[in-house]
Amino acid sequence: MTLAIYPGTFDPMTLGHEDVVRRAYQLFGNVIVAVAEGHHKKTMFTLKERMDMAREAVKHYPSVRVESYSGLLRDFVVAQGGNAIVRGLRAVTDFDYEFQLAGMNRSLMPDVEAVFLTPSTRYQFISSTFVREIAMLSGEVDKFVSPYVAQELQRKVTQRKAEEA
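Numbers 11 to 175, taken from the numbering used here, label the letters of the sequence shown in order.
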């Protein structure tokens with residue numbers, strides 16, 4: 011049985027991420043959405059908040075679970091018994107980085123395959139960075155995230171603006 015690991019910071023989980031989860035579920039059946047602690051990035055949401063959003067997004071898939079990890083992805087994949095790492099590709103600009111990352115991961119985990127999935131064309135332009143920016147500037151994000159995530163974004167933006175005041 012193949013276990014696919016879909017790692018990311020998911021800050022926040024977008025409809026593009028959800029689409030990649032759906033595709034991975036259809037291909038592999040068993041998927042772990044691995045939410046990175048994000049030590050190298052300053053995230054808008056806490057690890058717990060990002061995990062809650064991811065759990066909400068995958069609740070309809072019985073064999074998809076959400077776990078957090080810190081440190082090397084390799085250590086997490088090995089500990090979980092993963093056979094594949096799923097990465098989403100939106101554009102050519104993603105490919106160069108992901109190709110290099112896949113090469114490094116293959117060196118660290120020769121028995122684990124890198125699988126690149128492209129989201130539906132209606133989600134290919136969505137990025138968490140853009141979604142956060144739009145939300146911070148009081149724009150509408152409903153087309154890019156689930157209702158739950160939109161609500162969490164609104165809460166976080168209101169909280170941040172209150173802290174700045």
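Note that beta-carbon positions come from the ideal geometry of N, C-alpha and C, so glycine has one too.
Thinking just about the alpha-carbon of each residue, which of the options is nearest to the one in residue i?
{"i": "V41", "options": "E162, D106, R97", "result": "R97"}
{"i": "F38", "options": "E47, N93, P157, K51", "result": "N93"}
{"i": "F126", "options": "Y16, L147, Y133", "result": "Y16"}
How many Å lie between residue i and residue j at the Cα?
{"i": "V76", "j": "V151", "result": "24 Å"}
{"i": "V43", "j": "A64", "result": "8 Å"}
{"i": "E173", "j": "V122", "result": "44 Å"}
{"i": "D62", "j": "V68", "result": "10 Å"}
{"i": "S73", "j": "I95", "result": "16 Å"}
{"i": "R116", "j": "Q90", "result": "17 Å"}
{"i": "V155", "j": "M119", "result": "33 Å"}
{"i": "R33", "j": "T128", "result": "9 Å"}
{"i": "E143", "j": "V167", "result": "10 Å"}
Give the DSSP-derived three-state secondary structure of residue i in the structure shown.
{"i": "G26", "result": "helix"}
{"i": "R75", "result": "strand"}
{"i": "P129", "result": "coil"}
{"i": "E66", "result": "helix"}
{"i": "P17", "result": "strand"}
{"i": "A124", "result": "strand"}
{"i": "G113", "result": "helix"}
{"i": "V96", "result": "strand"}
Segment contact, 8 Å Cβ cut-off, at least three pairs: the region 17 to 26 with the region 132 to 140: A contact exists between the region 17 to 26 and the region 132 to 140.
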